[in-house]
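I have placed the structure first, in the form of C-alpha cells, so that the comments after it can refer back to it.
Protein chains: 2
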Amino acid sequence: MQKEKDTSTERSILEAAKRVFQNKGMDGARMQEIADEARINKAMLHYYFRSKELLFEAVFKKAFALLAPQLNAILNDDSSIEEKIKNFTTNYISFIIKHPYLPNFIIQELNRNPNFIEKLATNNGFPNIQKFKGQVRDEIEKGIIIPIGAEQLFINIMALNIFPFVAKPLIKAFANLDEGAMDALIEARKNEVSNFIINAIKIK
Amino acid sequence: MQKEKDTSTERSILEAAKRVFQNKGMDGARMQEIADEARINKAMLHYYFRSKELLFEAVFKKAFALLAPQLNAILNDDSSIEEKIKNFTTNYISFIIKHPYLPNFIIQELNRNPNFIEKLATNNGFPNIQKFKGQVRDEIEKGIIIPIGAEQLFINIMALNIFPFVAKPLIKAFANLDEGAMDALIEARKNEVSNFIINAIKIK
DNA sequence: TTATGGTTTAACCGTTTGGTTGACAAATTT
DNA sequence: AAATTTGTCAACCAAACGGTTAAACCATAA
Numbered sequence: 024m025q026k027e028k029d030t031s032t033e034r035s036i037l038e039a040a041k042r043v044f045q046n047k048g049m050d051g052a053r054m055q056e057i058a059d060e061a062r063i064n065k066a067m068l069h070y071y072f073r074s075k076e077l078l079f080e081a082v083f084k085k086a087f088a089l090l091a092p093q094l095n096a097i098l099n100d101d102s103s104i105e106e107k108i109k110n111f112t113t114n115y116i117s118f119i120i121k122h123p124y125l126p127n128f129i130i131q132e133l134n135r136n137p138n139f140i141e142k143l144a145t146n147n148g149f150p151n152i153q154k155f156k157g158q159v160r161d162e163i164e165k166g167i168i169i170p171i172g173a174e175q176l177f178i179n180i181m182a183l184n185i186f187p188f189v190a191k192p193l194i195k196a197f198a199n200l201d202e203g204a205m206d207a208l209i210e211a212r213k214n215e216v217s218n219f220i221i222n223a224i225k226i227k
Numbered sequence: 024m025q026k027e028k029d030t031s032t033e034r035s036i037l038e039a040a041k042r043v044f045q046n047k048g049m050d051g052a053r054m055q056e057i058a059d060e061a062r063i064n065k066a067m068l069h070y071y072f073r074s075k076e077l078l079f080e081a082v083f084k085k086a087f088a089l090l091a092p093q094l095n096a097i098l099n100d101d102s103s104i105e106e107k108i109k110n111f112t113t114n115y116i117s118f119i120i121k122h123p124y125l126p127n128f129i130i131q132e133l134n135r136n137p138n139f140i141e142k143l144a145t146n147n148g149f150p151n152i153q154k155f156k157g158q159v160r161d162e163i164e165k166g167i168i169i170p171i172g173a174e175q176l177f178i179n180i181m182a183l184n185i186f187p188f189v190a191k192p193l194i195k196a197f198a199n200l201d202e203g204a205m206d207a208l209i210e211a212r213k214n215e216v217s218n219f220i221i222n223a224i225k226i227k
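Line order of the protein sequences matches chains V and U. Quick note: our numbering has the first sequence finishing at residue 227, numbered continuously throughout. Quick note: our numbering has the second sequence finishing at residue 227, numbered continuously throughout.
So, in C-alpha cells, the structure goes:
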C-alpha cells in the first residue's frame, strides 16, 4: 500500500498506545483497549509491533526521547548555573504542563523494571552529569555559589521541578486544593522554584 | 481455632500482600503469587479479604497509616519552622530508608486511582496544612523567613525529601551511580536537605 | 463421644488475556 | 492483467486470571 516507513496505521497505534499506557501503565493496559482507541483490529497491533512488550517499549522510548533533551539543557548547556536554573525551571514546567503524564509514566515504569534504563543509557543524547559536575566545582571555587555536591544540586533541581506533577493527588489532598488552585500553584512555580534554588546556593 | 481478631494467617497474608503489591502494583500483582508468598491456599485470601480489591485496600491503608504521622510531624508540631525542617528531614529520610517501597507505592497507586484518597481523607489523623499555614505567615511577619506561600514551602520540603526515593533508577543512571554510591548520597541528604531549605528561606 | 463452627484445602468455573490463523482485500510488481 | 506482496479482519485458541464450592480438618464445648 504505502511505502512510507511511518504508516498512518502505525502512527495511530502508537498514539493510542501512548494514551492507554500512560493512563493505566504496562500492567493495567489491555491490547483490546488500545485497538479500540486506534479504531483498528487487535491483530494489527501484533502485525506492527509483534507483542505487548515491544509496543510498550516503543511508546516508552518515544516518551523518554521527549524528556531527555530537556534534561540535557541543564546538564550540557554553557551558561552560568544561575541562568541555567532560571531557564530550566521555566522551560521544564511549561513543558510538563503540556505533557503532564510524562514524569509519572517514566518513573512508574522504571521502578517496575529498573533494568529498562540500560536499553536507553547506551543511546547518545542520554543525559549525563559530567559537564555539570565540573561547572559546579568551578563556580564554588570562584565563590559564586556555596559548596554543594553537583549530584545533590542536580537531585534538588529535579525534585523541585518534577515532584509536584508526580505527587499531585497527594498534595491536592493535604493542601485542600481543587484542580484549578493546584494548577495555579504549579504555574507560580515557574518563578518560585528558581528563586528558591538560587537563594539556597548563591553567595550574596 | 483461634479467637484473636488478628489470626496469624491474616497477618501473614497481609505481609505477603504488602510485599507483592509493593513490588508489582495492584495491576501487576497476582492472587496466586500472594498465596504462594504467604504459603497458604489461594482460597484463604478470599476467605479473609473477600476480593483482590479489598485486600489491596487493606494493604494500602496500612501503608498510608505508616506515612501519615511522619507528615503530621511537620504540619502540626509546635516548634519553629527551622527546627521542624531539621527534624523532619532527618527523621523522614531515616524512616524511608527503612521502608524504601513506601513513597513510590502510595504515589503510584494514587495516580492510578485518585478518588482513592477520599477514602483516607475522612479519617482523623489525615495530614492537613492549616496550622502550618498560620505558622509560615507568622514567621514571615516577624522577619524570620522570607515571604513564601506555605503551600509552596510544603511542596518544596516534600519534594526534596521524597523525590530521590521515587526517582532512584533515573538518578542512578544520570549520575552514573551504583547502588552503594546512591545510598551514600541519600544518607548525606539527612543534613544536606535541611541546610538547603533553610538557606533558601531564612533571613540572615 | 459427639456435635459445633471456624479454618483450610483441592478441584473447579466462567471470563479475560495476549496472541494466532486463515481468508480476503488492496496495492505493487511483472 | 496476472502474480505477488502487503495490509486488514473476524474468528479462534490456550493459558492465566479472580473467584467459588464442597468436602475435610481440628480445637473446643456439650
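The beta carbon of each residue, even a glycine, is placed where N, CA and C say it ideally should be.
- In this structure, DSSP gives residue 36 of chain V a helical state, which the three-state scheme calls helix.
- Remark: three or more beta-carbon pairs, one from each stretch, lie closer than 8 Å, so the segment 47-60 of chain V and the segment 68-79 of chain V are flagged as touching.
- For the 8 Å CB-CB criterion, residue 180 of chain V and residue 224 of chain V do not form a contact.
- In this model, residue 128 of chain V and residue 37 of chain V are separated by some 15 Å (Cα to Cα).
- Taking each of U:156, U:83 and U:91 in turn and checking the Cα distance to residue 139 of chain U, the smallest one comes out for U:83.
- For residue 84 of chain U, DSSP records no beta bridge to any residue.
- Excluding its 5 nearest sequence neighbours in each direction, residue 202 of chain V has C-beta neighbours in its own chain below 8 Å: 195, listed in chain order.
- Rounded to the nearest angstrom, the Cβ distance from residue 93 of chain V to residue 118 of chain V is 6 Å, consistent with a contact under 8 Å.
- With contacts defined as CB atoms closer than 8 Å, residue 162 of chain U and residue 120 of chain U fail to qualify as a contacting pair.
- Interface flag for residue 185 of chain V against chain U is set, since a Cβ pair is found closer than 8 Å.
- Contacts with chain V at 8 Å (Cβ-Cβ) do not include residue 170 of chain U.
- Counting C-beta pairs with one atom in each stretch, the segment 84-91 of chain V and the segment 139-154 of chain V have three or more that are closer than 8 Å, which means they touch.
- DSSP places residue 195 of chain V in the helix class (H, G or I) of the three-state scheme.
- With contacts defined by Cβ atoms closer than 8 Å, residue 112 of chain U and residue 184 of chain U form a contacting pair.
- Under the Cβ distance rule, residue 196 of chain U counts among the residues neighbouring chain V, one pair being separated by less than 8 Å.
- When the beta-carbon positions are compared, residue 98 of chain U and residue 151 of chain U come within less than 8 Å of each other.
- Any Cβ of chain V closer than 8 Å to the Cβ of residue 158 of chain U would place that residue at the interface, and such an atom is absent.
- Scanning the segment 106-151 of chain U from its first residue to its last, no whole beta strand (DSSP E) run of 3-plus residues comes out.
- The shortest CA-to-CA distance from residue 211 of chain V to any of U:198, U:207 and U:172 is the one to U:172.
- Counting only runs that start and end inside the segment 45-99 of chain U, there is no beta strand (DSSP E) element of at least 3 residues.
- The contact set of residue 179 of chain U on chain V, defined by CB atoms closer than 7 Å, consists of 183 and 219 in chain order.
- Short of 6 Å from the beta carbon of residue 217 of chain U, and not among the five residues preceding or following it, lie these beta carbons of its own chain, in chain order: 108, 109 and 112.
- Residue burial is scored here from C-beta neighbours: residue 144 of chain V has fewer than 16 other C-beta atoms within 10 angstroms and is therefore classed as exposed.
- No residue range can be given for residue 170 of chain U, since it is assigned to no alpha helix (DSSP H) and is classified by DSSP as neither H nor E.
- Contact between residue 198 of chain U and residue 148 of chain U does not hold, since their C-beta atoms are separated by about 37 Å, which reaches or exceeds 8 Å.
- Comparing C-alpha distances from residue 192 of chain U to each of V:48, V:134 and V:30 shows the shortest one belongs to V:134.
- Beta-carbon to beta-carbon, residue 130 of chain U and residue 189 of chain U are separated by about 6 Å, close enough to satisfy the 8 Å threshold.
- If you look at residue 206 of chain U, you'll find it in the alpha helix (DSSP H) that goes 202-224.
- In this structure, DSSP gives residue 101 of chain V a state outside helix and strand, which the three-state scheme calls coil.
- Residue-level contact by beta carbon holds for residue 50 of chain V and chain U, with a gap shorter than 8 Å.
- Residue 174 of chain U reaches chain V at 198 and 208, counting residues in chain order whose Cβ is nearer than 7 Å.
- Membership of residue 157 of chain U in the alpha helix (DSSP H) is indicated by the continuous run 153-164.
- At a Cβ-Cβ threshold of 8 Å, residue 175 of chain V and residue 176 of chain U do not count as neighbours.
- Counting other Cβ atoms within 10 Å of its Cβ, residue 166 of chain U stays below 16 and is therefore classed as exposed.
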